Amino acid sequence: MTTSMDRIPEILQTEDEFLIVSHFNPDGDAIGSMAAMGWILTSLEKRFRMYNVSGMPDRFAWLSMPAPVETELPADKPGWTIVLDCGDSNRVGQDLAKRLGKARVINIDHHQGNPLFGQINWVDTQISSTGEMVAGIAQHLGIPLSGDMGEAIYLALVSDTGWFSYGNTSSQTMELAADIIRQGLRPDIFTPRLNYNWTPSKIRLMGRAMAGARFYSRGKIGVVSASSTDFAKTGATGDDTEGLVDMVRNVGSVVVAVSFREEESRKIKFSLRSTGEVDVRQVAARFGGGGHINASGGVIHASLDSAESQMVKMIQDTLGIKDE
């Protein structure tokens with residue numbers, strides 16, 4: 001495994017055309033690291049485009065981006081493709097995944113099990129977020145972590161550390177956050193932009209979902225779901241389920257929290273959260289998903305009821321959380 005940035009700063013300085021990409025259904029780390037990499041290339045006066053097959057989530061619309069996030073794969077092939085926060089090359093979407101085998105790829109990631117699919121690979125599972133890694137590149141190049149750059153990195157940090165509460169939060173992570181604040185970021189302005197933007201539709205969706213929360217194994221497993229009916233009744237979107245799983249995890253007895261989102265018939269997106277050393281990544285991997293020890297996810301192709309029964313059994317069997 002490559003554990004340093006090696007040739008990356010040199011390539012960014014000497015090459016001219018880049019495509020910046022991250023995984024589908026991007027979270028704050030994916031979007032934040034994309035934006036930060038774009039600001040680096042802007043500082044270096046390079047040509048680049050940004051691509052994500054799922055597009056820019058509405059909840060991050062407030063974030064200043066150095067270029068539009070395109071959902072149609074550019075026809076022209078860049079000099080280098082920079083793949084960010086992807087534990088596997090298939091996470092970029094089918095169209096781009098087919099191209100990566102013949103492209104020059106810089107793979108920057110912090111997920112366990114990354115297969116090192118790039119020509120240049122910087123994969124370090126001890127770092128909190130891909131955004132923290134991109135910040136290291138900016139610092140190496142002498143680019144300040146202020147303004148739009150600072151907001152992008154801070155978004156990545158708070159997203160993948162659960163606001164500095166997960167076990168992946170290191171002293172280095174906190175020092176980086178402090179440095180960004182020293183350079184001008186105001187948490188009192190940043191936090192409302194990210195957190196205080198719920199819509200009435202989201203409130204109604206959360207109410208319906210939480211009212212139906214289920215608990216297993218004497219309250220150690222908490223489950224909540226948002227069905228297609230829930231979306232139709234409330235007018236909410238898939239983006240509005242952000243944070244739903246964390247609400248279940250707030251229950252004192254819960255060790256593993258699960259949320260389900262029905263995207264279409266027999267396609268259920270799941271999110272897993274845990275506390276301490278309970279590794280939900282193992283559970284996600286059984287369904288072809290992935291992530292981190294305390295935060296993982298994936299997709300189950302089944303009905304909502306079947307997905308729940310499969311998941312609960314898998315958690316019980318894999319993590320040894322039994323009915324007592």
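Just so you know, we're using UniProt numbering here: the sequence shown kicks off at 1 and counts up by one.
Glycine is no exception: its CB is placed at the ideal position from the N, C-alpha and C atoms.
Note that the structure is a prediction, hence the values are computed from the model and not measured.
Residue interval of the beta strand (DSSP E) (run including residue i)
{"i": "GLU17", "result": "17-22"}
{"i": "ARG214", "result": "214-216"}
{"i": "GLY203", "result": "Note that residue 203 is Ile in the sequence shown, not Gly. From DSSP, ILE203 is part of no beta strand (DSSP E) but of the alpha helix (DSSP H) over 200-211."}
{"i": "ARG193", "result": "Segment 187-195 is the alpha helix (DSSP H) holding ARG193; no beta strand (DSSP E) there."}
{"i": "SER225", "result": "221-226"}
Residue of the options minimising C-alpha distance to residue i
{"i": "ASP305", "options": "ALA138, ALA97, ILE180, SER227", "result": "SER227"}
{"i": "GLU72", "options": "LYS313, ASP230, ASN52", "result": "ASN52"}
{"i": "SER33", "options": "GLN126, LEU84, ASP6, PHE18", "result": "LEU84"}
{"i": "LYS46", "options": "GLU308, ALA284, HIS140, GLN13", "result": "GLN13"}
{"i": "ARG204", "options": "ASN197, GLY212, VAL224, LYS233", "result": "LYS233"}
{"i": "MET314", "options": "SER217, ILE120, VAL21", "result": "SER217"}
{"i": "ILE8", "options": "LEU96, ALA67, ASN25, ALA138", "result": "ALA138"}
{"i": "VAL299", "options": "VAL283, ALA285, PHE270, ARG286", "result": "PHE270"}
{"i": "THR130", "options": "GLY238, GLU308, PRO26", "result": "PRO26"}
{"i": "GLU209", "options": "PRO200, THR241, ILE180", "result": "Note on identity: in this sequence residue 209 is Ala, with Glu being the wrong assignment. That would be THR241, whose Cα lies nearest to the Cα of ALA209."}
{"i": "GLY290", "options": "GLN112, GLY243, GLU17", "result": "GLN112"}
{"i": "SER170", "options": "ALA236, VAL256, MET149, ILE127", "result": "ILE127"}
{"i": "MET5", "options": "ILE180, ARG59, HIS110, SER64", "result": "HIS110"}
{"i": "GLN94", "options": "PRO68, LEU319, VAL123, PHE24", "result": "PHE24"}
With 16 other Cβ atoms within 10 Å as the buried cut-off, status of residue i
{"i": "GLU132", "result": "buried"}
{"i": "ASP230", "result": "buried"}
{"i": "SER266", "result": "For the sequence presented, residue 266 should be read as Arg rather than Ser. Exposed."}
{"i": "MET37", "result": "buried"}
{"i": "THR191", "result": "exposed"}
{"i": "MET1", "result": "With a pLDDT of 46 at MET1, under the threshold of 50, the modelled position of this residue cannot be trusted; read the value that follows with caution. The residue is exposed, with fewer than 16 neighbouring Cβ atoms inside 10 Å."}
{"i": "TYR154", "result": "buried"}
{"i": "SER225", "result": "buried"}
{"i": "SER89", "result": "buried"}
{"i": "GLU262", "result": "buried"}
{"i": "SER274", "result": "buried"}
{"i": "ALA284", "result": "buried"}
{"i": "ASN250", "result": "exposed"}
{"i": "residue 389", "result": "In the structure as shown, the chain begins at 1 and stops at 324. Residue 389 is therefore absent and cannot be evaluated."}
{"i": "ARG91", "result": "buried"}
{"i": "HIS292", "result": "buried"}
{"i": "LYS77", "result": "exposed"}
{"i": "SER303", "result": "exposed"}
{"i": "SER22", "result": "buried"}
Sub-9 Å separation of residue i and residue j beta-carbons
{"i": "SER253", "j": "GLY276", "result": "no"}
{"i": "ALA295", "j": "VAL280", "result": "yes"}
{"i": "ALA211", "j": "ILE31", "result": "no"}
{"i": "ARG104", "j": "TRP80", "result": "yes"}
{"i": "ILE20", "j": "MET56", "result": "no"}
{"i": "GLY222", "j": "ARG214", "result": "yes"}
{"i": "residue 326", "j": "ILE143", "result": "Outside the modelled stretch of the chain, which goes from 1 to 324, sits residue 326, for which no answer is possible."}
{"i": "ASP58", "j": "ASP239", "result": "yes"}
Residue range of the alpha helix (DSSP H) that includes residue i
{"i": "ALA285", "result": "281-286"}
{"i": "ASP6", "result": "No alpha helix (DSSP H) holds ASP6; DSSP gives it neither H nor E."}
{"i": "GLN172", "result": "171-182"}
Report task. Starting from the N-terminal side, write out each stretch of the alpha helix (DSSP H) that is 4 residues or longer and does not extend beyond the UniProt domain "DDH" (18-154). Result -> 28-43, 94-100, 130-140
Query raised in the report: Can you list the alpha helix (DSSP H) stretches of 4 or more residues lying completely in the UniProt domain "DHHA1" (233-317), in chain order?
Result: 244-249, 281-286
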